[in-house]
Structure formats: C-alpha cells, structure tokens
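Sequential numbering of the sequence shown, starting at 18, is according to the numbering used here.
For reference, the structure discussed in these notes is given below.
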Amino acid sequence: MAPTCKGRATYHHGDLAAALVRATLEIVDEVGVRGFSVAEAARRTRVSPAAPYRHFADRDALLAAAALDVSRRLRAIYLEAVATVESPQERLATMAGSVVRAAARIRGGCELLYAPGVRTAHPEVLTAKREFVDLLLPSAFEVVPEERTAAVALLEALQALARGYATLLLDGVFGDPDEVVEEVATRATRSARAMVAGYAAAPAED
18 MAPTCKGRAT YHHGDLAAAL VRATLEIVDE VGVRGFSVAE AARRTRVSPA
68 APYRHFADRD ALLAAAALDV SRRLRAIYLE AVATVESPQE RLATMAGSVV
118 RAAARIRGGC ELLYAPGVRT AHPEVLTAKR EFVDLLLPSA FEVVPEERTA
168 AVALLEALQA LARGYATLLL DGVFGDPDEV VEEVATRATR SARAMVAGYA
218 AAPAED
C-alpha cells in the first residue's frame, strides 16, 4: 500500500503529514528504524496517538513516506551538484560526494533507504531508488560502452563507496560531521573518480 495521506491534510500547525515525516526522520536518526514508533512521532508533533493514522495506514506507511522524502532530497542534491557537469566520469564521481552531503543533512534517516521491511511493504521506495540509479546509468554506459555487466557493477561499487564514506562521516570517524562534511565529500568524490577511471581502463571481457 502506498504511503498516501488519508483524511484532512492540515492541522493547527500546518501540514501534519509533513510534520510527521520530519519527526520520523528525527526519531530514526536517534534510535534507528527498529526503535521508531508512531506514538513517539505523534508526541513530537503534539497530536493524539490516533491522529497519524488519519494520514498513514500504519507504521510502515509513515516510514515509507519518510524514505521517499529522503530519496527526493538526495536526488535534488545530486542534480544540483551535476547541473553544469558534462563529463560522464565526473557525473558518476559527483554522486559519492552528493551522498555524503545528503547524509550530513538527513543524518540517520538515510538508513530508511536500505531498511528491508520498508522496501518490502512499500515497493515504491525501491522504485525511487531505482529511479536514482537510472540517472546514473547513461553515464556508466558512456564510461564502459557495450559492457552492461561492467556498468552495473560500477554503479554498485560507487554506491558502496558512497555509503561507506557517509557512514564514517556520521560515525564521527573524521571529526564533527558538521565541520568536516565538505572535506569528506571531497574525499569520497576523489575516491569515486579513481574507481571510475579504473573501470574505464579495464579491458573488456570476452
């Protein structure tokens, strides 16, 4: 079931559905997906425990709505970063830095994109992730033309690299995330650039 809103769209403080999504991202950042509860989201938005269910069918629907919000924000950050980038290699490398910047802004909410239960209950979350990958596929095919398997492998490797840097950033490995985000984004982009170059230089498989 899609995380569509039900009932009235606005409450005394504005758009309750949007407020619940914001609260959900805050809670997931603090306690993870497993620790999330609709009751806590209601408490933080100062509504009754039943109020969220006028907008979202269940807990998973609210989590899915938050995941879709994360996906939209990540997509926007990436598209802004590559708006003037023409090189397919650099467009791919820029993805890594964009993921790091998104993680710094959204924090642990990025975990929602990888939560198996959310994807299973709401396939539109997986669809949103695939649409983001679709933005990258043309560049990957330019880097490794006529090698679909290699292009997909490159994108998988880039996603793993980007997620790794994002996780290290949020874990504080490089220092205060707010202070070092641009430094880490630059590191991630540089590493991704080297990875893309490696795939481009690799001989085609027979």
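Just so you know, even glycine gets a beta-carbon here, dropped at the ideal spot from N, CA and C.
Predicted, not measured: the structure shown is a model, and the values here were computed from it.
Asked                                                                                                          : Found
Reduced DSSP category for residue 189 - H, G, I as helix; E, B as strand; rest coil                            : coil
Assumed close pair residue 182, residue 102 - CB separation to whole angstroms, cut-off 8 Å                    : So it is not a contact: roughly 19 Å between Cβ atoms.
Straight-line Cα distance separating residue 44 from residue 123                                               : 12 Å
Whole-number beta carbon distance between residue 47 and residue 85, since they are thought to touch under 8 Å : Contact doesn't hold; Cβ gap of about 20 Å is too wide.
Where residue 20 falls: helix, strand or coil (DSSP)                                                           : Low local confidence applies: a pLDDT of 48 at residue 20 is under 50, so the model's placement there is unreliable, and no value is given.
Test item: CB-CB of residue 76 and residue 104 under 9 Å                                                       : no
Residue 63 in three-state terms, based on DSSP                                                                 : coil
Beta-carbon separation (whole angstroms), residue 213 vs residue 106, contact threshold 8 Å                    : 5 Å
Length of the line joining the Cα atoms of residue 66 and residue 162                                          : 54 Å
DSSP-derived helix/strand/coil call for residue 51                                                             : coil
Of the listed residues 36, 175 and 146, nearest to residue 130 (C-alpha basis)                                 : 146
Buried or exposed (CB count within 10 angstroms, at least 16 for buried), residue 111                          : buried
Cα-Cα separation, residue 207 to residue 50                                                                    : 31 Å
Per-residue burial, residue 128 [other beta carbons within 10 Å of its own, 16 or more giving buried]          : buried
Beta-carbon proximity of residue 186 to residue 201, cut-off 9 Å                                               : yes
Alpha helix (DSSP H) segments (min. 4 residues) lying fully within the segment 70-131                          : 76-98 and 105-123
Cβ-based neighbour list, residue 69, same chain, cut-off 7 Å, excluding 5 preceding and 5 following            : 37, 55, 58, 59 and 79
Buried/exposed call for residue 155, threshold 16 Cβ in 10 Å                                                   : exposed
Beta-carbon proximity check, residue 170 vs residue 158, cutoff 9 Å                                            : no
Short Cβ contact (9 Å threshold) for residue 126 with residue 42                                               : yes
Residue nearest to residue 113 in terms of C-alpha spacing, selected from 52, 195, 136 and 180                 : 180
Simplified DSSP assignment, three categories, for residue 161                                                  : coil
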